[in-house]
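Structure record follows, encoded as structure tokens.
In our numbering, the protein residues as written are 2 to 280.
Take a look at the structure:
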């Protein structure tokens, strides 16, 4: 397939993409995709749609999330109209339809690559958003704990005391499990911070408790390890109670992907996608 044909096909596929009114949902219409893929009969194309639905189901995805049956009115002459069946398709649904088509057809072969790349782009976008959210939460926690360390040091507590205070705070947040016990439960290796493997909601919980401790230590001029420990434990216990009211138990949440591994995967995926796009 020459470059001119590729450019024309890409322009065609781009042109039939639709978006919801708020611009957040992208979709394609089966009747329009049928024409672009070179099917002259709806019946034949609909068979590919049904095979794609089965593939979607076998892959563990909800068919209704990717294939939405709709009806639309079309003109049949003399200003008369009738309703015909159509299907709203997600990017993943289009990919499955292309995978179930005849790859000997240029349009099908192109669509397989086009929607594979589009799907991969969406996965990378979701990964990047997840990474950004977790990294922002992680940085806030890092800053809160740095400030807490400075506050504690100014009030007569050394580094070992800070470690004890933080560990007892973790124990209050995680239902009696110490920092090391949580690292063991989540499979965190030696030398790696627990927070790098926590889901965003838990990182945010730890940050809130640390900020509460900072505020009260400064506002009430709390001094000494016992008093600051009591303050930090109470704040973590309060945050735990709040989470519990929403049926969230931090110690029972599964580990999140290592934040460093996620960052590497996003960078690697973006590089591969750029290379494939150039090809």
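All residues carry an ideal CB built from backbone N, CA and C; glycine is no exception.
*Can you tell which of 257, 63 and 49 has its C-alpha closest to the C-alpha of residue 195?*
If you number the chain shown from 1, residue 195 lands on position 194. The shortest C-alpha separation from residue 195 is found at 257.
*Which one of 138, 234 and 221 has the shortest CA to CA distance from residue 179?*
Start at 1 with the first residue of the chain shown, and residue 179 comes out as number 178. The shortest C-alpha separation from residue 179 is found at 234.
*Can you pull the DSSP bridge partners for residue 88?*
Against the chain shown, residue 88 aligns to sequence position 87. Within the DSSP secondary-structure output, residue 88 pairs in a beta bridge with 70.
*asked:* Count Cβ pairs between the region 92 to 102 and the region 135 to 148 that sit closer than 8 Å; are there 3 or more?
replied: Fewer than three Cβ pairs drawn from the region 92 to 102 and the region 135 to 148 lie within less than 8 Å of each other, which leaves the two stretches out of contact.
*Hey, could you find the ends of the alpha helix (DSSP H) residue 242 is sitting in?*
If you number the chain shown from 1, residue 242 lands on position 241. Counting along the chain, the alpha helix (DSSP H) containing residue 242 begins and ends at 226 to 246.
*How is the beta strand (DSSP E) around residue 199 delimited, first residue to last?*
Within the chain shown, numbered from 1, the residue matching residue 199 stands at position 198. Segment: none, residue 199 is in no beta strand (DSSP E) and carries neither H nor E.
*Under a Cβ-count criterion, where at least 16 other Cβ atoms within 10 Å of its own Cβ denotes burial, should residue 50 be classed as buried or exposed?*
Within the chain shown, residue 50 is the residue found at index 49, counting from 1. Buried: at least 16 other Cβ atoms inside 10 Å.
*What do you get for residue 160, buried or exposed, if any count of 16 or more other CB atoms within 10 angstroms of its CB means buried?*
Taking the chain shown and counting its residues from 1, the one referred to as residue 160 is at position 159. So residue 160 ends up on the exposed side.
*Option nearest residue 32 by Cα separation, candidates 40, 223 and 222*: As a first step, residue 32 is located in the chain shown; it is residue number 31 there, counting from the start. With respect to the C-alpha of residue 32, the residue from 40, 223 and 222 having the closest C-alpha is 40.
*Considering only residues of the same chain and omitting the five flanking positions on each side of residue 255, which have a CB-CB separation below 6 Å?*
Translated into the one-based positions of the chain shown, residue 255 becomes position 254. Closer than 6 Å at Cβ, skipping near neighbours: no residue.
*Taking one C-beta from the region 232 to 248 and one from the region 182 to 196 each time, how about it: are there three or more such pairs within less than 8 Å?*
Contact between the region 232 to 248 and the region 182 to 196 is absent, with fewer than three C-beta pairs closer than 8 Å.
*Within 9 Å, strictly: CB atoms of residue 198 and residue 133*: Looking up residue 198 in the chain shown gives position 197. Looking up residue 133 in the chain shown gives position 132. The answer is no: Cβ separation not under 9 Å.
*Following the continuous beta strand (DSSP E) through residue 46, name the residue where it begins and the one where it ends.*
As a first step, residue 46 is located in the chain shown; it is residue number 45 there, counting from the start. If you look at residue 46, you'll find it isn't in any beta strand (DSSP E); it sits in the alpha helix (DSSP H) that goes 43 to 59.
*Starting from residue 182, trace the alpha helix (DSSP H) both ways and give me its first and last residue.*
For the purposes of this step, residue 182 is taken as residue 181 along the chain shown, with counting starting at 1. In the DSSP annotation of this structure, the continuous segment of the alpha helix (DSSP H) that includes residue 182 starts and ends at 180 to 187.
*Leaving out five residues before and five after residue 241 in sequence, what residues of the same chain have Cβ atoms less than 6 Å from its Cβ?*
Taking the chain shown and counting its residues from 1, the one referred to as residue 241 is at position 240. Cβ-Cβ distances below 6 Å link residue 241 to 174 in the same chain, with the five nearest sequence neighbours on each side left out; the list follows chain order.
*Can you tell me where the alpha helix (DSSP H) with residue 27 in it begins and where it stops?*
Within the chain shown, residue 27 is the residue found at index 26, counting from 1. Premise fails: residue 27 lies in the beta strand (DSSP E), 27 to 30, not in any alpha helix (DSSP H).
*Under three-state DSSP, which class holds residue 14?*
Here residue 14 is taken as the residue at index 13 of the chain shown, counted from 1. Correct three-state label for residue 14: helix.
_Using only CA atoms, which one of 148, 188 and 229 lies nearest to residue 169?_
As a working mapping, residue 169 is identified with position 168 in the chain shown. The shortest Cα separation from residue 169 among 148, 188 and 229 belongs to 229.
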